[in-house]
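Q: Going by this note's numbering, the first residue of the sequence shown is number 605, and it counts up by one from there.
Encoded as structure tokens, here's the structure I'll be asking about.
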Amino acid sequence: MAFLQVLGLVSVIHRLPEPDSVVRAKARFDLLDSIGSIVLWSGAYLSLKAAESWFWLGLVGFAIVGAGYAVKGVHLLRARRRPTA
């Protein structure tokens, strides 16, 4: 799973230098989501395979992913509340 997240990270990085500010902002939030997922999966894997406890790393990844989804949700709610006319 983490390998697929790293592959998805490549497309996100290619969208960062776009001239459109909306595309750049969406790419930043997708980057936050991808990095959080990588940290989450890495923490889960290391907790299972390493002798030491890496559970805290998974929690940090979960917090990053949660923050990314919260920001995306706020932007979605703002977009729905704006009048289009």
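All residues carry an ideal CB built from backbone N, CA and C; glycine is no exception.
In three-state DSSP terms, what is Leu663?
A: For the purposes of this step, residue 663 is taken as residue 59 along the sequence shown, with counting starting at 1. Leu663: helix per DSSP, three-state reduction.
Q: What's the C-alpha gap between Trp658 and Gly647?
A: Locating residue 658 in the sequence shown gives position 54, where the first residue counts as 1. Locating residue 647 in the sequence shown gives position 43, where the first residue counts as 1. Going by the C-alpha atoms only, they are around 5 angstroms apart.
Q: I need the straight-line Cα distance from Leu661 to Arg619, nearest angstrom please.
A: Here residue 661 refers to the residue found at position 57 when the sequence shown is read from its first residue. Here residue 619 refers to the residue found at position 15 when the sequence shown is read from its first residue. Between Leu661 and Arg619, the C-alpha separation is close to 28 angstroms.
Q: Can the beta-carbon of Gly640 be found less than 9 angstroms from the beta-carbon of Gly677?
A: Taking the first residue of the sequence shown as position 1, residue 640 is located at position 36. Taking the first residue of the sequence shown as position 1, residue 677 is located at position 73. No, these two residues do not count as a Cβ contact at 9 angstroms.
Q: For Leu663, is the classification buried or exposed, using 16 other Cβ atoms within 10 angstroms of its Cβ as the cut-off for buried?
A: Here residue 663 corresponds to residue number 59 of the sequence shown, with the count starting at 1. Classification for Leu663: exposed.
Q: Give the range of the alpha helix (DSSP H) segment to which Leu620 is assigned.
A: The sequence position of residue 620 within the sequence shown is 16, counting from 1. No alpha helix (DSSP H) contains Leu620, which DSSP labels as neither H nor E.
Q: How many angstroms separate the CA atom of Leu652 from the CA atom of Pro623?
A: Along the sequence shown, read from residue 1 onward, the residue named residue 652 stands at position 48. Along the sequence shown, read from residue 1 onward, the residue named residue 623 stands at position 19. Rounded to whole angstroms, Leu652 to Pro623 spans 43 angstroms at the Cα level.
Q: Within 10 angstroms of its Cβ, does Gly670 collect 16 or more other Cβ (buried), or is it exposed?
A: Residue 670 sits at position 66 when you count from the first residue of the sequence shown. By the 10 Å Cβ count, Gly670 comes out exposed.
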